[in-house]
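Numbered per this note's numbering, the sequence shown spans residues 776 to 1046.
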Amino acid sequence: MIDNGLMHTVFARLDEPPALAAVGIGVHGPAGRVDEFELPELWQLHLYGYDADLTVAGTHHAIRPGRISLIPPGTRSRYAYRGRSEHLYVHLRMATTGIPRSVPVIQDAGPESAALKARLLQGLNAWPNTPARATAEVWAALWRVAELAPPRGGSGPVDSGQPSHPAVAAAAALIEARLAEPLTVPGIARTVGISHNHLTRLFRSATGETVVGYIRARRMERARHFLLATTMSIPAIAVSVGIPDLQAFNKACRHELGAAPRAVRAAQSVR
């Protein structure tokens, strides 16, 4: 979970929603100026509105209003308060599979602070009577937290898992929104405002693959999801991922997923 010897950053996996254990407002300071504790099995997400000092696994961090921290399970934390201190908190279990994203233990949310506070308050209002809504709000907040810091060079998808160039990010978002529609590289390039050749070069530089290859991979990933997680008919899935010709869809599944659509679905049912 930690990417260096000092506790400055952690690896968080956000491809699946977290399991919430508690959401609330912590009130500290009046009963004592120092708290020291750890949660053996739970992550801690805190959004602060006060000044204090935080030591995480021996590494010191300054707490300021608008800063947010993410502390992994089994990590000893020491808070030194300067008076009455309230913060929004979430205790949660995070997924153990998926792309690990490097996230600072504590960082300044800056202009995102208000949006994060709103998300966490929505989660608090929903908890525990509507746990699915609370989970959705906290999950969205975690993604915002993970994307606050710009990706650091040389670490690839571990940092963000997303294309970094604005035109590439816009193209990827367009592809995701229109997977069910016919897509062409020139059409995507026109929509994002650059030339066909420029988009091709940028996309390969940012993702390591062609635009066409990226579209194919996203279509097949969505097809896999529909085959394994839904009861949608195979013709409906084919249409929903932009390959309405069943013969072409079957061929694409065999090539990209290793089996025909029915076989992919059947393999899930016997697990």
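We treat Cβ as the ideally placed atom computed from N, Cα and C, and that holds for glycine.
Is DSSP giving residue i helix, strand or coil here?
i	result
Leu789	coil
Val1014	helix
Trp818	strand
Tyr864	strand
Leu923	coil
Ala946	helix
Gly962	helix
Leu954	coil
Ala1027	helix
Ile1009	helix
Ala870	coil
Ile783	A quick correction: the sequence has His, not Ile, at residue 783. If DSSP states are grouped into helix, strand and coil, His783 belongs with coil.
Thr727	Beyond the ends of the chain as shown, which are 776 and 1046, falls residue 727; an answer cannot be given.
His940	coil
Ala796	strand
Ala1041	helix
Pro1036	helix
Please report the distance separating the alpha-carbon of residue i from that of residue j.
i	j	result
Asn972	Pro815	52 Å
Val802	Val920	22 Å
Val835	Ser980	In the sequence under discussion, the amino acid at residue 835 is His, which differs from the Val named in the question. About 38 Å.
Gln897	Ala889	12 Å
Ala787	Glu811	23 Å
Ala837	Ser860	14 Å
Ile843	Pro906	22 Å
Glu951	Arg993	8 Å
Tyr989	Glu996	10 Å
Thr872	Asp790	8 Å
Val880	Gln819	10 Å
Leu899	Leu822	13 Å
Ile772	Ile963	Since the first residue of the chain shown is 776 and the last is 1046, residue 772 is not available in this structure.
Arg876	Leu845	12 Å
Ala1013	Ala947	20 Å
Pro961	Pro941	17 Å
Ala944	Val913	24 Å
Ala909	Leu795	8 Å
Ala1041	Ala797	38 Å
Asn904	Ser970	51 Å
Pro1036	Ile874	26 Å
Leu923	Glu887	8 Å
Leu954	Gln882	35 Å
Glu984	Gly804	53 Å
Arg976	Thr982	10 Å
Asn1025	Thr1005	18 Å
Pro847	Ala870	12 Å
Pro793	Gly799	16 Å
Arg894	Trp902	12 Å
Met1007	Trp918	29 Å
Cys1028	Ala1034	6 Å
Would you list the one or two residues that DSSP bridges to residue i?
i	result
Phe812	Ser852
Tyr823	His862
Arg842	Asp883
His973	Answer by DSSP bridge pairing: none, since His973 is not bridged.
Asp828	Ala837, Ala855
If residue i and residue j are in contact, beta carbons under 8 Å, what's the gap, nearest whole angstrom?
i	j	result
Phe978	Val986	5 Å
Ala916	Leu891	5 Å
Gly1047	Gly885	With the chain represented from 776 up to 1046, any question about residue 1047 goes unanswered, as that position is not in the structure.
Val1039	Arg999	7 Å
Tyr854	Leu829	6 Å
Leu867	Leu817	6 Å
Leu974	Gly1017	With 8 Å as the limit, Leu974 and Gly1017 do not qualify as a contact, their Cβ atoms being about 19 Å apart.
Thr850	Ala827	Not quite, the Cβ-Cβ distance comes to about 17 Å (not below 8 Å), so this is no contact.
Quick check for students: name the residue ranges of the beta strand (DSSP E) that lie wholly in the region 875-910, counting only runs of 3 or more. 875-879, 881-883
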